[in-house]
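Visitor: Could you have a look at this structure, given as structure tokens, before my questions?
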Amino acid sequence: ETGVTQTPRHLVMGMTNKKSLKCEQHLGHNAMYWYKQSAKKPLELMFVYNFKEQTENNSVPSRFSPECPNSSHLFLHLHTLQPEDSALYLCASSQETGGADTQYFGPGTRLTVL
Amino acid sequence: DQQVKQNSPSLSVQEGRISILNCDYTNSMFDYFLWYKKYPAEGPTFLISISSIKDKNEDGRFTVFLNKSAKHLSLHIVPSQPGDSAVYFCAASAGAGNMLTFGGGTRLMVKP
């Protein structure tokens with residue numbers, strides 16, 4: 020498999036559930052990102068990992084917990100979410116961090132919080 | 010406050026004509042700009058980029074123009090094709106190691 024993959028593609032969860040989003044990149048990149056895209060809003064950067072180390076946390080609530088066990092895998096653990104957290108969650112990777120390196124995106128997970 | 014803005018949420022163009030998508034930014038530290046294209050149910054895909062040392066970059070049917078004094082960039086697609094129908098995002102970064110800031114996107118519809 021090539022590129023950036025994300026699972027699941029769709030997720031419906033209650034506010035008391037715990038779930039995880041998974042991202043895998045097959046590009047040999049060193050940097051991985053989580054973005055959130057809410058309806059009618061720009062993509063918002065959530066977290067950045069470079070060589071498995073978190074380098075950016077864009078003031079994201081603690082109910083979102085990222086994990087990067089290696090440069091190829093990135094998880095987003097979700098617990099006690101709110102309905103306003105319903106959005107498209109996109110994972111991306113790049114060779115290194117920084118805008119000059121093209122970011123390659125996965126297809127996203129469409130999350131609905133009931 | 011949005012630092013990158015795409016003021017037109019949608020644009021409709023006839024096949025074969027030129028599509029012009031616009032993007033404005035406020036942060037004078039931005040020095041690298043990108044355009045991404047997004048189809049439904051897919052993630053954004055990189056289309057074309059431009060560094061602030063240039064004012065034009067061309068790749069096939071796609072050309073990006075940068076006007077630093079006006080803090081404005083535009084994407085020209087010519088000739089437009091129905092397969093170009095998608096949402097287009099512009100993004101900007103302020104130097105190596107800095108993250109991308111995205112605009113809200115413009116939905117382009119190319120009619121046959």
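Top to bottom, those sequences are chains A and B.
Numbered per my numbering, the first sequence spans residues 20 to 133.
Numbered per my numbering, the second sequence spans residues 10 to 121.
Quick reminder that beta carbons are idealized off the backbone N, C-alpha and C, glycines included.
Would you say residue 20 of chain B faces chain A, with C-beta separation under 8 Å as the test?
Guide: Closer than 8 Å: no.
Visitor: For residue 52 of chain A, which beta-bridge partners are listed by DSSP?
Guide: Looking at the DSSP assignment, residue 52 of chain A forms a beta bridge with A/67, A/111.
Visitor: With a Cβ-Cβ cutoff of 8 Å, do residue 90 of chain A and residue 66 of chain A count as a contact?
Guide: Not in contact: residue 90 of chain A and residue 66 of chain A (Cβ atoms no closer than 8 Å).
Visitor: Just verifying my parser: in three-state terms, what is the DSSP assignment at residue 61 of chain A?
Guide: Three-state DSSP puts residue 61 of chain A in coil, outside helix and strand.
Visitor: Less than 6 Å between C-beta atoms, sequence neighbours within five positions excluded: which residues of the same chain meet that for residue 22 of chain B?
Guide: Once the five neighbours on either side are set aside, the close Cβ partners of residue 22 of chain B are 28, 89, 119.
Visitor: Pick helix, strand or coil for residue 24 of chain B, following the three-state DSSP scheme.
Guide: In the structure shown, residue 24 of chain B sits in coil (DSSP, three-state: anything other than H, G, I, E or B).
Visitor: At the level of alpha carbons, what is the spacing between residue 33 of chain B and residue 43 of chain A?
Guide: The straight-line gap from Cα to Cα measures roughly 33 Å.
Visitor: When you compare the CB of residue 44 of chain A with every CB in chain B, is at least one pair closer than 8 Å?
Guide: No, no contact with chain B.
Visitor: In terms of residues, what are the limits of the beta strand (DSSP E) holding residue 118 of chain B?
Guide: That run of the beta strand (DSSP E) goes 115-120.
Visitor: Measure the alpha-carbon distance for residue 71 of chain B versus residue 99 of chain A and round it to whole angstroms.
Guide: Each residue's Cα considered, the two are about 44 Å apart.
Visitor: On the three-state DSSP scale, how would you describe residue 51 of chain B?
Guide: Coil at residue 51 of chain B, not helix or strand.
Visitor: Quick check: the Cα distance between residue 42 of chain B and residue 96 of chain A, rounded to an integer number of angstroms?
Guide: Distance between the alpha carbons of residue 42 of chain B and residue 96 of chain A is about 31 Å.
Visitor: Who pairs with residue 96 of chain B in a beta bridge, going by DSSP?
Guide: Note: residue 96 of chain B sits in a beta bridge opposite B/47, B/116.
Visitor: Tell me where the beta strand (DSSP E) around residue 87 of chain B begins and ends.
Guide: Neither: residue 87 of chain B is in no beta strand (DSSP E) and is coded neither H nor E.
Visitor: Buried or exposed, going by whether 16 or more other CB atoms sit within 10 Å of the CB of residue 102 of chain B?
Guide: Buried: at least 16 other Cβ atoms inside 10 Å.
Visitor: How big is the Cα-Cα spacing for residue 93 of chain A and residue 39 of chain A?
Guide: Taking the straight line joining both Cα atoms gives about 10 Å.
Visitor: Given that residue 23 of chain A touches chain B, what residues does it touch there, using C-beta distances under 9 Å?
Guide: Chain B residues near residue 23 of chain A: 52.
Visitor: Would you say residue 109 of chain B reaches chain A, if we count a Cβ-Cβ gap shorter than 8 Å as a contact?
Guide: Judged by the 8 Å Cβ criterion, residue 109 of chain B is in contact with chain A.
Visitor: Which bits of chain A does residue 112 of chain B rub up against, with CB to CB less than 8 Å?
Guide: 61, listed in chain order.
Visitor: Across which residues does DSSP place residue 37 of chain B in a beta bridge pair?
Guide: In DSSP, residue 37 of chain B forms no bridge with anything.
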